[in-house]
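Residue numbers (this note's numbering): 4 to 102.
Every residue gets a Cβ at the ideal spot worked out from N, C-alpha and C, and that includes glycine.
The structure displayed is predicted, hence computed values, not measured ones.
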Amino acid sequence: MTSPAAAGSIRLDKLLWYLRFARSRSLAQAMVVAGHIRLDGRRITRASCAVHAGQTLVLPVGEHIEVIRLLAVPGRRGPAPEAQACYTRLGTGASATGN
């Protein structure tokens, strides 16, 4: 059986945890289920949604909204520099609280 990273896709909750946008996988699942994540412009509410390199994610990070493009599917939850090498920031939107 091959790993999801080897197949070129990964679950959205696992990706958020690997890329250090969530402190735990359960928090990542809660973010997704609450509808806070957009994948290529579509609101995603299934934590098991497959994400591939080249896709764009919009997600809340602290008080701001981050827009990132996934460059590579990470194979593990490594150190922050390793995680940051897997995506590029396209911009920071308005505050997540609407202010």
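Bridge partner(s) assigned by DSSP for residue i
i   : result
Q63 : This sequence places Pro at residue 63; Gln is not what is there. I68, per the DSSP bridge assignment.
Minimum C-alpha distance to residue i - residue among the options
i   : options            : result
G44 : I71, A33, E66      : I71
V64 : I47, M34, R14      : M34
T48 : Q58, A37, G57      : A37
R41 : S29, T91, Y21, E69 : E69
H39 : D16, G57, Y21      : D16
C52 : G78, L73, E66, L18 : L18
Within 8 Å, strictly: CB atoms of residue i and residue j
i   : j   : result
H55 : G94 : no
I13 : V76 : yes
R26 : A83 : no
Y21 : R92 : no
L73 : Q58 : yes
Helix, strand or coil at residue i [DSSP, three-state]
i   : result
G94 : strand
Can you list, in chain order, the stretches of the beta strand (DSSP E) that have 3 or more residues and sit fully within the stretch 9-91?
12-14, 40-42, 45-47, 53-55, 59-64, 67-73
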